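First comes the structure, then the notes that go with it.
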Amino acid sequence: MTAYKKWENLYTTAKNDERGKVPFTHLKTLWFNTGTLCNLACENCYIESNPKNDRLTYLSLADVTPYLAEIRENQWQLDNIAFTGGEPFLNPAIIDILEASLKLNIPVLVLTNAHKVIKRWEKKLLALHEKYGDLLRLRVSLDHYTSAVHEQERGENTFDSTMGTFKWLVENGFNMSIAGRSLTKESSEKASAGYQKLLDDLNIKLQLTDQKLVVFPEMKPQEDVPEISINCWQILGISPKDQMCSTERMIVKRKGQDKPVVLSCTLIAYDETFELGHTLKESFKDVHLNHPFCAKFCVLGGASCSSTS
Ligand code: SF4
Ligand code: SF4
Numbered sequence: 001m002t003a004y005k006k007w008e009n010l011y012t013t014a015k016n017d018e019r020g021k022v023p024f025t026h027l028k029t030l031w032f033n034t035g036t037l038c039n040l041a042c043e044n045c046y047i048e049s050n051p052k053n054d055r056l057t058y059l060s061l062a063d064v065t066p067y068l069a070e071i072r073e074n075q076w077q078l079d080n081i082a083f084t085g086g087e088p089f090l091n092p093a094i095i096d097i098l099e100a101s102l103k104l105n106i107p108v109l110v111l112t113n114a115h116k117v118i119k120r121w122e123k124k125l126l127a128l129h130e131k132y133g134d135l136l137r138l139r140v141s142l143d144h145y146t147s148a149v150h151e152q153e154r155g156e157n158t159f160d161s162t163m164g165t166f167k168w169l170v171e172n173g174f175n176m177s178i179a180g181r182s183l184t185k186e187s188s189e190k191a192s193a194g195y196q197k198l199l200d201d202l203n204i205k206l207q208l209t210d211q212k213l214v215v216f217p218e219m220k221p222q223e224d225v226p227e228i229s230i231n232c233w234q235i236l237g238i239s240p241k242d243q244m245c246s247t248e249r250m251i252v253k254r255k256g257q258d259k260p261v262v263l264s265c266t267l268i269a270y271d272e273t274f275e276l277g278h279t280l281k282e283s284f285k286d287v288h289l290n291h292p293f294c295a296k297f298c299v300l301g302g303a304s305c306s307s308t309s
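Going by UniProt numbering, the final residue of the sequence shown carries number 309, and the count climbs one at a time with no gaps.
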């Protein structure tokens with residue numbers, strides 16, 4: 001019997017069990033990673049973005065177009081076309097890419113840190129909002145409802161500028177939501193109440209319903225976690241079809257590559273094992289859960305942290 005180390009073999013765990021896998025069911029959300037460059041360098045950024053990390057390069061409109069065409073030609077009814085980074089508003093083509101996506105008449109969600117960079121697009125965003133209304137959705141990441149904890153993660157002088165931009169976006173009628181975080185010792189209910197109080201105190205007129213606030217648990221990516229075997233589904237009482245990679249895919253372009261590639265999800269950006277093809281149709285296949293993030297973030301953590309930025 002061959003002995004494998006943890007996470008070494010695609011099909012077999014170190015305990016020699018068959019590795020857990022997730023079947024593709026249908027495409028609900030197509031993510032584009034617009035590039036890993038970010039104007040911030042958050043301490044626990046799962047994709048290791050910062051002002052120097054360009055391992056995933058900026059997507060161009062030409063990179064995105066074939067995937068939008070594939071959706072249109074097949075008449076797939078997606079819930080969302082979504083954009084993450086890095087900071088999407090650093091990408092020089094972002095407005096053209098958003099407009100091309102909005103033309104499909106599918107809701108478009110953009111994750112942003114709303115810290116400074118987005119402001120360079122104010123006029124163009126207002127024009128997109130005027131034309132497409134609520135189809136364009138922006139989700140702003142706030143690590144906490146207190147400035148102190150948010151800035152501990154995101155750096156000094158990031159809280160007020162983000163909240164100022166958030167207020168401007170709400171006042172201009174944009175369809176806004178918050179990606180928040182609850183601390184290890186804090187219930188998600190307490191966190192939700194804290195975010196609402198923050199908005200009320202700043203006179204920001206937005207009711208944080210379930211659709212408007214997503215609270216993720218605090219994550220520590222470096223923690224050791226067990227592998228996922230096919231037995232886990234029954235033991236944990238969960239279904240493989242509940243995992244994000246059953247209904248989502250992400251397009252990235254690696255530095256030095258001439259074309260983008262389709263990945264299983266937003267969480268595992270650098271491991272080439274999770275590359276599933278160059279077209280969406282090619283990517284509609286089983287995903288073997290051969291990465292610690294599969295256990296930590298999805299199967300054991302139960303978190304869909306694709307919505308963080
Ligand atoms: S990390 Fe990605 S590939 Fe792994 S289970 Fe989660 S969604 Fe699927
Ligand atoms: S968490 Fe978001 S804002 Fe922070 S470095 Fe990563 S991509 Fe940038």
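For each residue, glycine too, the CB sits at the ideal point set by N, CA and C. Please read all numbers here as calculations on a predicted model, not as lab measurements.
Supposed contact pair residue j and residue i - C-beta distance, whole angstroms, cut 8 Å
| i | j | result |
| --- | --- | --- |
| Y11 | H291 | Contact doesn't hold; Cβ gap of about 14 Å is too wide. |
| L280 | R249 | 6 Å |
| L206 | M176 | 6 Å |
| L40 | G155 | 6 Å |
| V252 | N33 | 5 Å |
| L126 | N172 | 6 Å |
| L263 | L276 | 7 Å |
| V140 | I178 | 6 Å |
| K167 | L202 | 6 Å |
One or two residues paired with residue i in a DSSP bridge
| i | result |
| --- | --- |
| L213 | I178 |
| F83 | F32 and V110 |
| N50 | L37 |
| G277 | V262 |
| R19 | S229 |
| E288 | Looking at the sequence itself, residue 288 is His, so the reference to Glu does not match. Note: H288 sits in a beta bridge opposite K21. |
| L56 | R254 |
| T12 | E18 |
Same chain, Cβ closer than 6 Å to residue i, neighbours up to 5 away in sequence not counted
| i | result |
| --- | --- |
| T13 | R19, E227 and S229 |
| P23 | D286 |
| C298 | Q243 |
| C305 | Confidence is the limiting factor: at C305 the pLDDT is only 40, short of 50, which leaves the residue's position unreliable and the question unanswerable from this model. |
| V110 | F83, P88 and L138 |
| residue 313 | Within the shown structure, residues of the chain are numbered from 1 to 309, placing residue 313 beyond reach of any answer. |
Own chain partners of residue i with C-beta closer than 8 Å, once the 5 adjacent residues on each side are dropped
| i | result |
| --- | --- |
| K28 | L78, D79, N80, T247 and E248 |
| K255 | D54, R55, L56 and T57 |
| K21 | I230, P240, D286, V287, H288 and L289 |
| L104 | L68, I71, R72 and I81 |
| K5 | A14 |
| A193 | none |
Span separating the alpha-carbon of residue i from that of residue j
| i | j | result |
| --- | --- | --- |
| V117 | N50 | 14 Å |
| K15 | G301 | 21 Å |
| D134 | L59 | 24 Å |
| S187 | E218 | 11 Å |
| A295 | C232 | 10 Å |
| T184 | Q196 | 19 Å |
| I95 | P66 | 17 Å |
| A191 | S182 | 6 Å |
| E43 | D271 | 21 Å |
| I106 | A3 | 47 Å |
Same chain only: Cβ atoms within 7 Å of residue i, ignoring 5 sequence neighbours per side
| i | result |
| --- | --- |
| H150 | L142, D143, H144, T158 and F159 |
| T165 | A114, I118 and K119 |
| Q161 | Contrary to the premise, residue 161 reads as Ser rather than Gln in this sequence. The answer, listed in chain order, is H115 and K116. |
Practice item. Could you pull out every unbroken alpha helix (DSSP H) segment of at least 4 residues lying fully inside the stretch 228 to 261, listed in chain order? Key: Within the stretch 228 to 261, the complete alpha helix (DSSP H) runs of at least 4 residues are 232 to 236.
Point to revise | alpha helix (DSSP H) runs wholly inside the stretch 102 to 158, at least 4 long, in chain order | key: 122 to 132 and 147 to 154
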